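Here the numbering used here is used: the first residue of the sequence shown is 13, the next is one more, and so on.
Even glycine gets a Cβ: it sits at the ideal position worked out from N, Cα and C.
In this text the structure is predicted, and so the values were computed from the model without any measurement.
These notes are about the structure you will find just below.
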Amino acid sequence: MKDKKIKNVFRKGPIPAEFIGEAIAKHQVKTQIGAHAIFAGQIRADEIDEKKVVAIEYTSYEEMANLKFHEIREGTFDKYDLTCMHIYHSLGLVPTGEISLFVFVSAPHRKIVFEALEYVVDEIKAKAPVFGKEIFN
13 MKDKKIKNVF RKGPIPAEFI GEAIAKHQVK TQIGAHAIFA GQIRADEIDE KKVVAIEYTS
73 YEEMANLKFH EIREGTFDKY DLTCMHIYHS LGLVPTGEIS LFVFVSAPHR KIVFEALEYV
133 VDEIKAKAPV FGKEIFN
C-alpha cells in the first residue's frame, strides 16, 4: 500500500493521547490487519549540568523534512510487508512527559510490525532534519 503523496507529518506542540487513541480506533475496520506496533517518544526530564529539562523546542526545515519522512516511509514499505504506517512529529514547545514523536505501523502479522517499527524510528532519528533544543528550568 504505497501512497505517493508527500504528507505533512508535523503537529504544533505535543501529540495528545486522544489523537493516538483515535488513530488506533480508525484501524478497527481494517480487518486484514493482525498487528499494530506503536512508538511514542516522550520528553524526559533529564538533568544536565545541574539543570532540569522542562521541555524541548522542535524546529525543522519543514519541506525538506516532509520529503525525508516520505522517503523513509516509502523505503520502509519497500522493505516490509506493511498494511499501513503513520508518522507524526511535534514542532514547537513540548513539555516533559508529553509525546513528540508518534509512529504507528500495521501489518497482517506481529513479527513484521516490530521489525518495521524499529527500522523506521532508527531511520527518522538518523536522517530526518528535525532539531530539538532543550529548555531548562
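Backbone CA spacing between residue i and residue j [nearest angstrom]
{"i": "LYS145", "j": "VAL65", "result": "10 Å"}
{"i": "ILE60", "j": "PRO120", "result": "43 Å"}
{"i": "LEU94", "j": "LYS24", "result": "28 Å"}
{"i": "GLN44", "j": "PHE116", "result": "16 Å"}
{"i": "ASN78", "j": "LYS19", "result": "7 Å"}
{"i": "THR88", "j": "PHE22", "result": "19 Å"}
{"i": "GLU135", "j": "ASN149", "result": "31 Å"}
{"i": "HIS101", "j": "LYS63", "result": "26 Å"}
{"i": "ALA140", "j": "VAL133", "result": "10 Å"}
Whole-angstrom C-beta distance between residue j and residue i, which should lie under 8 Å
{"i": "ARG122", "j": "ILE99", "result": "Contact doesn't hold; Cβ gap of about 20 Å is too wide."}
{"i": "ILE111", "j": "ALA52", "result": "5 Å"}
One or two residues paired with residue i in a DSSP bridge
{"i": "GLN54", "result": "ILE111"}
{"i": "GLU59", "result": "LYS64"}
{"i": "ARG23", "result": "SER102"}
{"i": "GLU146", "result": "ILE68"}
{"i": "ALA119", "result": "ALA47"}
Which of helix, strand or coil DSSP assigns to residue i
{"i": "LEU79", "result": "helix"}
{"i": "GLY104", "result": "strand"}
{"i": "ALA128", "result": "helix"}
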